[in-house]
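Residue numbers (the working numbering): 1003 to 1661.
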């Protein structure tokens, strides 16, 4: 693709002029780099300033904005930047000034978390803020997860919260922010009023579309009164919620018209209430730009700029703008992966952009999980301390294995000045990620990026060359990085050696064909990927697993895979144990009820092909063979038993910066 053009056209909204159409999405839990009381820190500034330096047009910031007694942000995500009172304004201004130095504008988001506060106050009872124990929403109910009782807002509380939004907007403008953003979607209070699924009120705030939007529109009008004309108001709303009884696309269009009539200048169209949160953070199995149709529908109905969001990279973003489906492109995770994305795109260096793989690993941060991490960018959130320094002593280093771990290690070593060679036994670099890229073609971007980096760093690459003890004796390296990966394991049951039994990795890489009826043994990421891959080909697929389906996967990955598998007619058998394999199927024991009462059923599942996805074992025999032969040996990646792309790239980066 040629250098994007539409992405870098300026746009003026009210008195705010952006130098391009790339917008950084607001980040919450897992990115709370401020102090516990919400004061700015050097780490907080460094994280966002890296994206401003990288050329983003607008950064949207999640802040704890509402003052007491409505300061839900204080317990929902401690460590957010705070403007809950005037005392915090100087701290916020320090942050804003740092962003403005690079020509980037910055907005602040006001959120009342509503019933979503329930789980937060149960995890961390707000001793200093006892008023937050009264959790309010549109229609009070009992939280299905915690059993916590929420309360229907009274008329007085609605007026108080509306006023609190106005005062928060006033403080944000005083701190120097360029625009205010009202959070009206996902799991939070305003959306709880907008959705017929959560709003069962019978007063003027419930029932019709106009009534359910009344609270949101009153907030917009109150905010406008405080910030004045010309100061942009952004409203984040749900489009189609992909949920029975939720907001439909038709309703969302009517909401949008009402918001604009109330005074909104920009509409940001997202999705994903709690039940379908995987649409809020689309992962690798979902279509790129899967929320864009919602934005496009709303753009046709209003006369203000519309932002699109949801698994969009530079190439997709340019196409969306060219097609007229949106006016601004919002990215969150792609800017975590590469803070310099905008500048690289503007300069036409698309191959140098580190791609987000939409794996969902960054969503593992937050309460109980600490800060978020990125699978492909080890510097994310560590901008102050992450450095690649020249090696004190230059060495000759062999890296064995051309997967993500090996490529990251080789590139980093070469950039530090080591004489580095990379050996790969197959004809192509990529390792296990080649399997992912074969059935999810967009994931080839990670291999392309890593291999481009290896080449630019001056690494000597040897393909189709397995490394043996003799190779080591000949090359005499000072250090060897062993990144030889893993190999699939099998089962010890009758029939496992049958000709109709194949490995899931061979299916996903396209090396074997299956019959029409397939049983996949294994219900984690590899097995479910194979099941979805085969179901998309029209095969009849069943999955059996000893534990729960998608065990160990993050919530959004799990929700997406199960939704898509059910959509494609895949039969899912959790708590099922394979007994034996025959020439035409699999005998299983299936536990159809929960402990302590068990009901085991013996079933026969017809199968032309049985696909194994039961794990992998370390391919690390080279490590022991080289002990005592090479001065320094560094195993990394799958061969160490750490089987994730995050562990692979992190390990490669750490070793690359250590030797």
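C-beta atoms are modelled at their ideal positions from N, C-alpha and C, and glycine is treated no differently.
Because the structure is a prediction, the values reported are computed rather than measured.
Collapsed DSSP secondary structure at residue i in the structure displayed
i            : result
residue 1143 : coil
residue 1363 : helix
residue 1234 : coil
residue 1183 : strand
residue 1423 : strand
residue 1261 : helix
residue 1018 : strand
residue 1309 : strand
residue 1347 : helix
residue 1066 : strand
residue 1446 : helix
residue 1338 : helix
residue 1662 : The structure shown does not extend to residue 1662, since the chain is modelled only from 1003 to 1661, so the question has no answer here.
residue 1473 : helix
residue 1461 : coil
residue 1451 : helix
Residue i, enclosing alpha helix (DSSP H) - first and last residue
i            : result
residue 1055 : 1044-1055
residue 1272 : Here residue 1272 belongs to no alpha helix (DSSP H); instead the beta strand (DSSP E) covers 1268-1272.
residue 1223 : 1216-1229
residue 1623 : 1623-1628
Opening and closing residue of the beta strand (DSSP E) in which residue i lies
i            : result
residue 1110 : 1107-1112
residue 1578 : 1578-1584
residue 1544 : 1542-1546
residue 1587 : 1587-1593
residue 1660 : Segment 1647-1660 is the alpha helix (DSSP H) holding residue 1660; no beta strand (DSSP E) there.
residue 1079 : Element bounds for residue 1079: n/a, residue is neither H nor E.
residue 1406 : Note, residue 1406: premise wrong, no beta strand (DSSP E); alpha helix (DSSP H) at 1406-1417.
residue 1331 : 1330-1333
residue 1400 : 1398-1402
residue 1504 : 1503-1505
Residues bridged to residue i [DSSP beta-bridge criterion]
i            : result
residue 1618 : 1490
residue 1519 : 1542
residue 1637 : 1484
residue 1153 : 1138
residue 1611 : 1520
Classification of residue i by the beta-carbon crowding that lies within 10 angstroms, buried from 16 upward
i            : result
residue 1046 : buried
residue 1004 : exposed
residue 1535 : buried
residue 1631 : exposed
residue 1603 : exposed
residue 1252 : exposed
residue 1289 : exposed
residue 1206 : exposed
residue 1466 : exposed
residue 1539 : exposed
residue 1362 : buried
residue 1654 : buried
residue 1388 : exposed
residue 1606 : exposed
residue 1489 : exposed
residue 1051 : buried
residue 1491 : exposed
Residue i versus residue j: straight-line alpha-carbon distance, rounded
i            : j            : result
residue 1067 : residue 1119 : 15 Å
residue 1279 : residue 1111 : 19 Å
residue 1530 : residue 1558 : 14 Å
residue 1320 : residue 1135 : 46 Å
residue 1178 : residue 1099 : 8 Å
residue 1281 : residue 1514 : 33 Å
residue 1434 : residue 1405 : 6 Å
residue 1652 : residue 1376 : 9 Å
residue 1334 : residue 1190 : 19 Å
residue 1164 : residue 1224 : 7 Å
residue 1370 : residue 1126 : With a pLDDT of only 43 at residue 1370, under the threshold of 50, the placement of this residue in the model should not be trusted, and no figure is reported.
residue 1386 : residue 1044 : 8 Å
residue 1554 : residue 1173 : 43 Å
residue 1026 : residue 1236 : 14 Å
residue 1239 : residue 1412 : 45 Å
residue 1056 : residue 1344 : 6 Å
residue 1454 : residue 1198 : 50 Å
residue 1006 : residue 1439 : 25 Å
residue 1528 : residue 1042 : 42 Å
residue 1543 : residue 1116 : 42 Å
residue 1185 : residue 1396 : 53 Å
Residue i at chain B interface by Cβ criterion, 8 Å
i            : result
residue 1559 : In summary, chain B is missing from the structure at hand, where a single protein chain is found.
beta-carbon residue i near the ligand ZN non-hydrogen atom, thresh 7 Å
i            : result
residue 1303 : As for the ligand ZN, it is missing from this structure, which has no ligand bound.
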